[in-house]
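The next block holds one structure in the form of structure tokens; read it before the comments.
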Amino acid sequence: MTDVEVSVGAADVSVAVHDTVTVRLPENGTTGYVWSIAKRGEGLSLADDRGVAAAAGGAVGAGGEHIFQLRAEQAGEWQVEFRLAREWESGVLEERRLTVRVS
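Residue numbers (numbering that gives the first Met the number 0): 0 to 102.
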């Protein structure tokens, strides 16, 4: 099993079945804007979904990151769509898409 970390700007990644893909997105939960997965291909399972605050000693209200870990369960090409939004608002501030090719 391999853990592949995806950079913020990546559009696609290739992995093997049972590999883990880690996606890190910048997030400042104190603003109410939080990343979520709006769409996830059926060949991927969600192993972890958590927000991480800024490092200790940072300024009050400083941003952190949101970490998603996806596990490749079956071969194929799977799309993942991430959305940055406030839970209580209907609009989306930002969207990011990732294609995961599993062999």
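Note that beta-carbon positions come from the ideal geometry of N, C-alpha and C, so glycine has one too.
DSSP lists 84 as the bridge partner or partners of residue 33.
Residue pairing by DSSP places residue 14 opposite 101 in a beta bridge. With 16 or more other Cβ atoms inside 10 Å of its own Cβ, residue 71 counts as buried. Judged by their CB atoms, residue 76 and residue 100 are nearer to each other than the 8 angstroms cut-off.
For residue 91, no beta strand (DSSP E) run applies, since DSSP gives it neither H nor E. Taking C-beta separations shorter than 8 angstroms and ignoring five residues to either side along the sequence, the partners of residue 74 in its chain run 16, 42, 101, 102, following chain order.
Under the 10 Å beta carbon count, residue 87 is surrounded by fewer than 16 other beta carbons and is classified as exposed.
A direct Cα-Cα distance of roughly 11 angstroms separates residue 84 from residue 37. Annotation for residue 91: 82, 84 place their beta carbon closer than 6 angstroms to its own, counting only its chain and skipping 5 residues before and after.
Residue 69 is positioned such that its CB atom lies closer than 8 angstroms to that of residue 20.
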